[in-house]
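Residues 2 to 285 (the numbering used here) are what the sequence shown spells out, left to right. Even for Gly, the Cβ is constructed at its ideal location relative to N, Cα and C. Fair warning: this is a prediction, and the values are worked out from it, not measured in the lab.
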Amino acid sequence: MANTHVIGISGSLRSESYNTALLRAAFERLPEGVTFEIANISDIALYNADDAVDGRPASVEALRTLVRSADGIVFASPEYNWSVTGAMKNAVDWLSLGPDSPLDFKPAAIAGAGGGSGTARSQEHLRDILAHNNLCIVADPQVMVSGARERFVAGELVDDDVRSELVSMLDRLLDVIERARSTERLALRGSILVVGSDEPRAGEAARSIVEMGHRTLRAIAAVDAVRILSRRAIAGVAVDGHLNKEAKQAVRAGADRLPFVEFDAATEAGRAIDAAIRFDMGSQ
Ligand SMILES: Cc1cc2nc3c(=O)[nH]c(=O)nc-3n(C[C@H](O)[C@H](O)[C@H](O)COP(=O)(O)O)c2cc1C
């Protein structure tokens, strides 16, 4: 992985932040040729469209340049009121602006350290926010550090299990970077519809599709899927193979000639639908 630069963005501005410490720990054991930097978002003003009329503030432009030059981003945010911090959302909002947004198709991974749930809810929100911006977000592992106070001493991570999860997450991020380098970005006009009544399996499938840089919509039942297909812009359909035969047939009929896959292993749904869409585009 020569010449690979990854950056970290922490949602906490606190000098002794567990989340910033988590980023430092994530970057401790990078393979040779991979460098890192932790971005500073403490001087990013609250977004105000008036401030973007005659060019954006210098601090925002500097952050956009840093993100553009990075091959991948690790986001780590505390959970504030079940969501990401205002600082993190504000930075992403500034980064998302314009047709030249540096977030587009950017490989990324999400981690977080906090209270009892280990930032589970805020990570879900962050994944949605970033998926809207077409980042290719590592599906697994989702590094969720609960009881952060006990896992850091003087700004150092002291939990080997978390450390090995971070190593797996970084490995996977480097794989996603490698794929992004060798794959043409697909500009889809709609989302991928994931249909499945088993919440964990459908969630896993959706994460694997987001890892390919696509947006997703979810439907639990065939009737919801058919309604979504008739009303929303859908670029492809991934149906859980565990659904009953009638439900699968109903979705298939509603999907008309859209790229369509039935997944057995939820983790493979992303690759399968991406390949089906590319095949469909090639054959048109
Ligand atoms: C306004 C506010 C809301 C919070 N809401 C939550 C929450 O919903 N869930 C949670 O686990 N922790 C919550 N916390 C606690 C933070 O997650 C905790 O302070 C965390 O360690 C901060 O991360 P940091 O060390 O990176 O700054 C909240 C803290 C603040 C200041």
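Is residue i a contact residue of ligand 1, with contact defined as CB to any heavy atom under 7 Å?
i	result
Asn-82	yes
Asn-20	yes
Ser-16	no
Gly-283	no
Ser-97	no
Ser-231	no
Pro-100	no
Ser-118	yes
Gly-255	no
Ala-149	yes
Ala-109	no
Gly-156	no
Ser-43	no
Gly-115	yes
Pro-79	yes
Ser-192	no
Ser-13	yes
I'd like the span of the alpha helix (DSSP H) that includes residue i, first residue to last.
i	result
Pro-201	200-211
Gly-287	Because the chain spans 2 through 285 in this model, residue 287 falls outside it and cannot be assessed.
Val-224	223-232
Glu-151	149-152
Gly-283	270-283
Ala-88	87-97
Could you tell me how far apart the beta carbons of residue i and residue j are, in whole angstroms, since I believe they sit closer than 8 Å?
i	j	result
Val-163	Ala-110	That pair is no contact at about 14 Å.
Val-196	Leu-244	7 Å
Asn-91	Arg-216	Rounded, the Cβ-Cβ distance is 22 Å, inconsistent with contact.
Asp-101	His-6	With 8 Å as the limit, Asp-101 and His-6 do not qualify as a contact, their Cβ atoms being about 19 Å apart.
Gly-12	Phe-28	Going by Cβ atoms, the distance from Gly-12 to Phe-28 rounds to 17 Å, so no, they are not a contact pair.
Glu-212	Val-144	Wrong, their Cβ atoms sit about 15 Å apart, outside the cutoff.
Ser-84	Arg-30	At roughly 30 Å, the Cβ-Cβ gap does not stay under 8 Å, so Ser-84 and Arg-30 are not in contact.
What first and last residue would you give for the beta strand (DSSP E) that runs through residue i?
i	result
Asp-241	235-241
Met-170	Premise fails: Met-170 lies in the alpha helix (DSSP H), 161-183, not in any beta strand (DSSP E).
Thr-36	35-39
Leu-194	192-196
Ser-11	5-11
Ala-53	Unbroken run through Ala-53: none, as it is neither H nor E.
Leu-259	Leu-259 -> no beta strand (DSSP E), and no H or E assigned at all.
Thr-217	217-220
Taking buried to mean at least 16 other C-beta atoms within 10 Å of its own C-beta, is residue i buried or exposed?
i	result
Gly-271	buried
Leu-47	exposed
Pro-32	exposed
Ser-70	exposed
Lys-107	buried
Asp-257	exposed
Ser-16	exposed
Ser-209	buried
Gln-124	buried
Val-240	buried
Ser-192	buried
Ser-169	exposed
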